[in-house]
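Q: FYI, full-length UniProt numbering numbers position 109 of the sequence shown as 109, with every residue one higher than the one before it.
For each residue, glycine too, the CB sits at the ideal point set by N, CA and C.
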Amino acid sequence: MEERKIKYLFDSSAIFDLTKLGGKALDFLKNNYTITLAYYELGNMLWKYKDKLDIEVIFNALSAALSFVNIIEVKLDKEILEEAIKKNLTYYDSAYLVTAKRIGAKLISLDKDLINNGAITLKDL
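#1: Along the chain, where does the beta strand (DSSP E) that runs through N70 open and close?
#2: Looking only at its own chain, which residues have a Cβ that is under 8 Å from the Cβ of F59, when we skip the five neighbours before and after it?
#3: Quick one: give me the first and last residue of the alpha helix (DSSP H) that L46 is part of.
#4: Could you tell me whether the segment 17-35 touches the segment 75-83, using the rule of 3 or more Cβ pairs below 8 Å?
#5: So within the segment 62-120, which uninterrupted alpha helix (DSSP H) runs reach at least 4 residues, ignoring any that extend past its ends?
#6: Can we say the segment 8-17 touches the segment 110-117, given the rule of at least three CB pairs closer than 8 Å?
#7: Tell me the DSSP secondary structure of L9 in three-state form.
#8: When DSSP builds the beta bridges, which residues end up paired with T34?
#9: Beta carbon of Y8, beta carbon of K86: below 7 Å?
#10: When the Cα atoms are used, what is the spatial distance from S94 to N88?
#11: Residues in its own chain within less than 7 Å of T99 by CB, not counting five upstream and five downstream?
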């Protein structure tokens, strides 16, 4: 099997949306990337939809999916902050953009601000 040449960094919106694909989500996520922030954002999404979704099922699906992803730790970072200010983005969004750039990966997102700054959508895969 040929090794994938393009690396992808998934933001939390893309990871959450991929859970709809069940086991197929692993095909996309396996050996790709996200950042530590995704844990907090995904947890917040679960909290937000607590009355609309089966949280236990989604929590288990997300936990399983994240076990196949390379997690990059992001801390307080001057370049991320400068990029956020320059592009008028949140620090969160800038963290995804800068990290993807640093590792030479394409950023996958459903977030309009990130798409407007070069991210691609799941449909583009």
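A: Quick look at the numbers:
#1: For the purposes of this step, residue 70 is identified with residue 70 of the sequence shown, where counting begins at 1. N70 to I72 is the span of the beta strand (DSSP E), which, as asked, contains N70.
#2: As a working mapping, residue 59 is identified with position 59 in the sequence shown. Contacts found: L46.
#3: Position 46 of the sequence shown, counting from 1, holds the residue named residue 46. Taken as a continuous stretch (DSSP letters only), the alpha helix (DSSP H) holding L46 covers L37 to K48.
#4: no
#5: 78-87, 91-103 and 112-115
#6: yes
#7: Locating residue 9 in the sequence shown gives position 9, counting from the first residue. Here L9 sits in strand by DSSP.
#8: By 1-based counting over the sequence shown, the position of residue 34 is 34. Bridge partners of T34: I71.
#9: The sequence position of residue 8 within the sequence shown is 8, counting from 1. The sequence position of residue 86 within the sequence shown is 86, counting from 1. Not a contact, by the Cβ cut-off of 7 Å.
#10: Residue mapping note: residue 94 aligns to position 94 of the sequence shown, counting from 1. Residue mapping note: residue 88 aligns to position 88 of the sequence shown, counting from 1. Approximately 9 Å between the Cα atoms of the pair.
#11: Numbered from 1 along the sequence shown, position 99 holds the residue referred to as residue 99. So the list reads L9, I35, I72 and V74, once near-sequence residues are dropped.
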